[in-house]
Amino acid sequence: MSAIKLPGWRVFRRSLIPLPACLFGAYIMYHHGVSIVFWLTNLSATILGIIITLFIQSRQKTFPARNLNLAAGLSVGFLLLTFFNKDMFGVHRWVFVGGLNLNAGLITCPVFLMLIVRQGSSLRPLVLFTIVTVILLMQPDASQVSAFSIAAMLLLWSRCKLPLHKVLLILFVSAANLYTWLNLDGLAPVDYVERIVYMAGHISKFLQYVAIVLLALLAAPFFVQGTGNNSLLSFSLGVYFSITLLSAFIGNFPVIIMGYGLSPVIGYFIGLNQLLSKK
């Protein structure tokens with residue numbers, strides 16, 4: 001049976017990282033008259049994520065290696081489910097569960113990064129990386145193509161023993177990013193999802209700057225060296241979340257945590273738990 005102990009101050013402090021951005025986003029939505037359902041959903045999901053994180057980190061247990069293939073299969077399957085759900089103008093990013101629209105990429109990409117690290121030096125990480133990138137290209141989701149492929153490339157780089165392999169990796173990632181950004185979808189933005197920072201700017205420039213700082217703080221902890229053998233994965237997750245955030249300023253993509261969306265909250269806490277893990 002797993003040992004349970006109270007989380008330390010470090011774990012408690014870092015588990016609260018997304019709360020300021022969430023509260024700020026809730027205020028911006030409230031100020032602009034957005035329905036309470038949206039900002040309360042974000043706030044509830046964030047608070048629940050904090051509680052679950054504290055519980056998980058109180059248990060001295062690591063993810064069993066024998067479950068890696070199962071986790072990979074389920075995650076890829078969930079990503080593929082987007083093609084069997086209703087599309088939005090030809091875009092397949094969501095799995096509809098009840099009244100919830102779950103963005104599969106935002107939930108599973110942090111999981112895939114963890115799996116790439118944990119699967120050792122076999123061909124499995126490279127195969128998983130290729131499959132996921134191709135699926136994201138087909139959805140299409142330029143934000144997640146860039147965030148995932150570049151973050152995963154950092155993890156795969158040291159495993160490419162030959163210079164030719166590294167060149168091929170760079171070419172594949174570059175081609176994927178070039179193609180996806182030259183073929184952006186035509187979905188119109190939803191202000192309280194993709195343009196929450198600009199909504200803050202409509203109140204005052206100061207609040208817009210505050211929004212940018214709070215978003216930067218979401219990614220910052222991942223660039224602090226992780227514990228144990230976790231430092232490379234933590235850095236990769238930092239790159240992933242940074243690119244996801246930057247993409248929202250370039251195209252019509254969700255602003256994680258601050259803008260409305262359950263999926264980014266789930267994905268962020270998956271990454272945060274990897275940051276806090278000891279192995």
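With the first letter of the sequence shown counted as 1, position 154 gets the number 154 in the working numbering; the numbers rise by one all the way through. Ideal placement from N, C-alpha and C gives every residue a C-beta, glycine not left out.
Taking residue 91 as the reference, give the member of 83, 238 and 29 with the closest Cα.
Among 83, 238 and 29, the Cα nearest to that of residue 91 belongs to 83.
Does the beta-carbon of residue 216 have 16 or more other beta-carbons within 10 angstroms, so that it is buried, or is it exposed?
exposed
Classification of residue 209 by the beta-carbon crowding that lies within 10 angstroms, buried from 16 upward:
exposed
State the DSSP-derived secondary structure class of residue 1, mapped to helix, strand or coil.
Because the pLDDT of residue 1 is 47, which lies under 50, any placement of that residue in the model is unreliable, and the question is left without a value.
If you reduce the DSSP assignment to three classes, tell me which class residue 91 lands in.
strand
Using the Cβ count rule (16 or more neighbours within 10 Å means buried), how would you classify residue 47?
exposed
DSSP three-state assignment for residue 97, whether helix, strand or coil
strand
Whose CA, out of 214, 234, 230 and 156, lies closest to the CA of residue 223?
Cα-wise, what sits closest to residue 223 is 234.
Within the same chain, show all residues whose beta-carbon is closer than 8 Å to that of residue 202, passing over the 5 residues directly before and after it, in chain order.
32
If you draw a straight line from the C-alpha of residue 10 to the C-alpha of residue 45, how long is it?
Cα-Cα distance, rounded: 22 Å.
The stretch 146 to 153 / the stretch 263 to 271 touching (three or more Cβ pairs under 8 Å)
no
Option in 24, 14 and 69 with minimal Cα separation from residue 50:
14
Using CA atoms only, rank isn't needed, just tell me which of 125, 248, 272 and 147 is closest to residue 188.
248
Cβ pair residue 135, residue 80 closer than 9 Å
yes
Between which two residues does the alpha helix (DSSP H) carrying residue 79 extend?
68 to 80
Which of helix, strand or coil does DSSP assign to residue 102?
strand
Residue 180 to residue 137, Cα distance in whole Å?
6 Å
Apply the 10 Å Cβ neighbour rule to residue 17 and answer buried if 16 or more other Cβ atoms are within range, or exposed otherwise.
Per the 10 Å Cβ criterion, buried.
Can you give me the C-alpha to C-alpha distance between residue 277 and residue 58, rounded to a whole angstrom?
10 Å
Quick check on DSSP: helix, strand or coil for residue 195?
It is coil, neither helix nor strand.
Would you call the stretch 251 to 264 and the stretch 88 to 106 in contact, with 3 or more CB pairs under 8 Å?
These segments touch.
Among residues of its own chain, excluding the 5 on either side of residue 240, which ones have a beta-carbon nearer than 6 Å to its beta-carbon?
147 and 151
Buried/exposed call for residue 175, threshold 16 Cβ in 10 Å
exposed
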